[in-house]
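Read the structure below first, then the notes.
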Amino acid sequence: MSRIANDNPVAEDGQNQDNIIQPFQLQESGLRGRSVRLGSVLDQIITQHDYPDAISHLVADTVTLTLALSSMLKYDGIFTLQASGKGPVKTLVADMQNEGAIRGCASFDKEEFESLKAGGGLYNGYSLRDLLGEGYIAFTVDQGANTERYQGIVSLEGETLQDSISHYFEQSEQLRTSIFVASAKQDSGHWRSGAMMLQYLPDDYADDEDVVAFNEKTEAERKEDWSRSKMLLQTCTEKEILDADLHTNELLRRLFHEEGVIVYDPKAVRHECRCSEQKVRDVIKSLSEDDRQHAAQDGIIEMTCEFCNKTYSIEI
Ligand SMILES: [Zn+2]
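46 is the number of the first residue of the sequence shown in our numbering; add one for each residue after it.
Structural data, given as structure tokens:
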């Protein structure tokens with residue numbers, strides 16, 4: 046099922062536009078895109094932790110980028126985005142199961158964070174460099190034991206996570222991708238985020254009949270289409286992508302109306318952790334007898350899931 050956003054800017058079904066990934070395609074150029082809008086799902090992820098706002102903002106961006114990037118891949122398993130640094134923030138992790146379960150968390154040194162001086166960056170006055178320092182971002186797709194693990198890696202560059210991800214795609218000729226991400230705590234105290242992404246994947250859509258005349262275009266025309274569409278994407282503002290009252294179709298129409306927009310069925314996402322008592326038991330089983338005794342108190346090992354804060358008490 047597809048629908049032209051131009052003719053039908055607002056969904057007839059009144060479907061909630063929060064917590065979805067909306068795939069779309071530009072008719073003139075064939076470029077594929079994704080829009081991500083998060084409300085309550087992001088808020089649940091953030092509020093189960095008690096992070097400073099700057100770190101919550103980083104987690105929100107990480108979760109949102111994970112949804113955008115994972116949605117461009119066909120996989121059956123788990124997509125993970127992990128940023129690691131030597132600054133006060135040690136890791137940012139989010140992972141997405143292909144059927145829609147997302148989770149995310151951060152680890153940081155409280156004292157190091159509190160001794161930071163704000164210098165005007167995106168994250169409550171701190172930049173990516175202030176918070177993570179030197180480090181890298183890794184993407185992993187894990188499809189179980191019998192398939193290859195895909196991994197991409199890029200060093201942390203620029204002032205924001207978006208800068209680093211953009212840098213990754215600039216290095217790769219095969220993956221021409223443009224992405225915009227924004228997250229913020231609203232006046233209500235709730236978190237919202239959104240992302241808009243475009244990708245140039247000629248092999249993937251060369252014979253798509255929804256696309257006008259892609260095959261008849263020259264390489265130069267396709268390049269021109271790409272730079273024009275990328276510029277249109279860059280006109281998306283934080284206010285627009287975070288506006289709960291602005292329907293995604295309307296936002297797509299505003300950005301790309303001259304290109305013609307086809308929207309496909311959106312994918313719902315939910316917050317769900319994959320931890321379980323069995324997994325905790327497996328971890329404990331893998332410890333040496335010494336470590337087990339060391340970790341136990343009165344014969345019980347307590348382990349807290351860093352993603353969802355749930356504590357498991359296991360008798361040994
Ligand atoms: Zn958990």
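Think of the CB as a built atom: it goes at the ideal place given N, C-alpha and C, for glycine as much as any other residue.
In the DSSP assignment, find the unbroken alpha helix (DSSP H) run with Gln323 in it and report its ends. Its alpha helix (DSSP H) spans residues 322-331.
If we count the other Cβ atoms within 10 Å of its Cβ and call it buried at 16 or more, is Glu159 buried or exposed? Exposed, because fewer than 16 other Cβ atoms sit within 10 Å of the Cβ of Glu159.
Give me the residue from Asp140, Lys131, Gln93, Val134 with the minimum Cα distance to Ala113. In this structure, Asp140 is the residue among Asp140, Lys131, Gln93, Val134 with its C-alpha nearest to the C-alpha of Ala113.
In the segment 61-127, which residue ranges form an unbroken beta strand (DSSP E) of at least 3 residues, counting only runs that do not cross its ends? If only complete runs of 3 or more residues are kept, the segment 61-127 shows the beta strand (DSSP E) at 65-71, 77-83, in order along the chain.
Use the C-beta contact count for Gln62: other C-beta atoms within 10 angstroms, 16 or more gives buried, fewer gives exposed. With 16 or more neighbouring CB atoms inside 10 Å of its own CB, Gln62 falls in the buried class.
beta-carbon Lys230 near ligand 1 non-hydrogen atom, thresh 7 Å: Closer than 7 Å to some heavy atom of ligand 1: that does not describe the Cβ of Lys230.
So what does DSSP say about Glu347, is it helix, strand or coil? Assigned with DSSP and collapsed to three states, Glu347 falls in strand.
Output yes or no for whether 8 Å exceeds the beta carbon distance between Leu297 and Ser80. Going by C-beta atoms, Leu297 is nearer than 8 Å to Ser80.
Leaving aside the five residues before and after Ala99 along the sequence, list all residues of the same chain whose C-beta is less than 6 Å from its C-beta, in chain order. Beyond the five residues adjoining it in sequence on each side, Ala99 comes within less than 6 Å, by CB distance, of Tyr168, Asn169, Tyr171 in the same chain, given in chain order.
Start-to-end residues for the alpha helix (DSSP H) that takes in Ser274: Ser274 -> alpha helix (DSSP H) spans 264-278.
Could you say if the segment 349-359 and the segment 141-152 meet the contact criterion of at least three C-beta pairs nearer than 8 Å? With the cut-off at 8 Å, the segment 349-359 and the segment 141-152 touch.
Just list the alpha helix (DSSP H) runs in the segment 174-236, keeping only unbroken ones of 4 residues or longer that don't cross its boundaries, in chain order. Counting only runs of 4 or more, we get 206-216.
Does any heavy atom of ligand 1 sit closer than 7 Å to the C-beta of Lys119? The answer is no for Lys119.
Roughly how many angstroms lie between the CA atoms of Ser223 and Asn294, to the nearest whole one? Computed Cα separation, rounded: 19 Å.
Beta-carbon separation (whole angstroms), Ala146 vs Arg315, contact threshold 8 Å: Yes, they are in contact, since the Cβ atoms of Ala146 and Arg315 sit about 6 Å apart, within 8 Å.
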